[in-house]
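Novice: Once you know that position 151 of the sequence shown is 343 in this note's numbering, the rest is easy, because the numbers rise by one and skip nothing.
Where a beta carbon is used, it is the ideal one built from N, C-alpha and C, also for glycine.
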Amino acid sequence: MEISNIKNIIDWNNIFILDEFIDNFDSNNYINLSSLSKSIRQKLKSNIFFKISLTGKSISNKYNESIVDDEQLKEVSNYFEYLNNPYKYNEFKDKWEVQLSNNSGLLFLSQLIEEELKGIRKFIRNFSVDRFSDSFYFLCPLTVNLTNLTRLSLKECAFPLLMMLKIGEHLKNLKFLKLYLVNLVGLSKQELSPEDIYLPRNLEEVSFECCDVFNMFSVPNTLSLIHDGLYSEQEELKHLQGFKIPSLKKLTI
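1) Pick helix, strand or coil for Asp388, following the three-state DSSP scheme.
2) If Phe300 and Glu273 are in contact, beta carbons under 8 angstroms, what's the gap, nearest whole angstrom?
3) Using only alpha-carbon positions, find the residue among Leu338, Lys314, Leu346 that is nearest to Thr247.
4) Tell whether a beta-carbon distance below 8 angstroms holds between Glu306 and Leu334.
5) May I have the straight-line CA-CA distance separating Lys442 from Gln264, to the nearest angstrom?
6) Any idea what DSSP makes of Ser380, helix, strand or coil?
7) Can you give me the C-alpha to C-alpha distance between Ser245 and Val321, rounded to a whole angstrom?
8) Do Val374 and Met355 have their beta-carbon atoms positioned less than 8 angstroms apart in this structure?
9) If you compare alpha carbons, which of Pro438, Gly297, Leu440 is closest to Asp262?
10) Please determine, among Lys249, Leu369, Lys243, the residue with the shortest C-alpha to C-alpha distance to Leu391.
11) Tell me which residue opens and which closes the beta strand (DSSP E) that Val336 is part of.
Spelled out as structure tokens, the structure:
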């Protein structure tokens, strides 16, 4: 009887990760299942971390000034306090001009996010950014470090123009690129030509809506992006016309 019982024991760790089950799960199911055991979590990592979203609101809530004690974290919190309350700028002008002219808080935030992505970066295929305003200009390197991406969506943020034009050097597997209300920031000293463009060879779909290209006279800090950027030179980039995307199937502008 004991031998029979041993043979009939079901290893649920293997049952739960069968394709027949996984194909019908959503992200919440993956997370719940991963809590059952370390082995299940390890096997489901590629499903759990397939899609990652980064929003200004989630960062603002996580590093709320009222719940952080660390001085560097307070710098992060102070920046998002401004981001969420720009209409109060004149009331706290001196404080925020000091804060915004120093990017240390955002550089520290970039380190924190990179550390969180460190163990899951290779599993991420779909990455989206939403409502980071101009601050994402200083966080953008974390995007090109996600080298297995097939889909990238940027919304209401800023991104370096040259990095976007050369995004294929880093994201070689990218198939879908969507930009909405994105400020692409270039430098007046940069002389760009079609030869500077390196887009992913497998890029199939591009959406480029309500985006602007601005030239700054010098490498910006947060303050200059927010205020000087409003008066910087808007660029049409006519000299970049004529490049081809061989695999492109759909273009939305």
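Specialist: This is what the structure gives:
1) One-based indexing of the sequence shown puts residue 388 at position 196. Note: Asp388 maps to helix in three-state DSSP.
2) As a working note, residue 300 is residue 108 in the sequence shown. As a working note, residue 273 is residue 81 in the sequence shown. The pair is not a contact, with the Cβ atoms about 16 angstroms apart (cut-off 8 angstroms).
3) In the sequence shown, residue 247 corresponds to position 55, counting from 1. Nearest C-alpha to Thr247: Leu346.
4) Mapped onto the sequence shown, residue 306 falls at position 114. Mapped onto the sequence shown, residue 334 falls at position 142. Yes, Cβ-Cβ distance for Glu306 and Leu334 is below 8 angstroms.
5) In the sequence shown, the residue the question calls residue 442 occupies position 250. In the sequence shown, the residue the question calls residue 264 occupies position 72. About 44 angstroms.
6) Taking the first residue of the sequence shown as 1, we reach residue 380 at position 188. Note: Ser380 maps to coil in three-state DSSP.
7) Taking the sequence shown and counting its residues from 1, one reaches residue 245 at position 53. Taking the sequence shown and counting its residues from 1, one reaches residue 321 at position 129. So the two alpha carbons sit approximately 6 angstroms from each other.
8) Here residue 355 refers to the residue found at position 163 when the sequence shown is read from its first residue. Here residue 374 refers to the residue found at position 182 when the sequence shown is read from its first residue. In this structure, Val374 does not lie closer than 8 angstroms to Met355 by Cβ.
9) Here residue 262 refers to the residue found at position 70 of the sequence shown. Minimum Cα distance to Asp262 is reached at Gly297.
10) Here residue 391 corresponds to residue number 199 of the sequence shown, with the count starting at 1. Comparing Cα-Cα distances from Leu391 to each of Lys249, Leu369, Lys243, the minimum goes to Leu369.
11) Numbered from 1 along the sequence shown, position 144 holds the residue referred to as residue 336. Element bounds for Val336: not the beta strand (DSSP E) but the alpha helix (DSSP H), 333-336.
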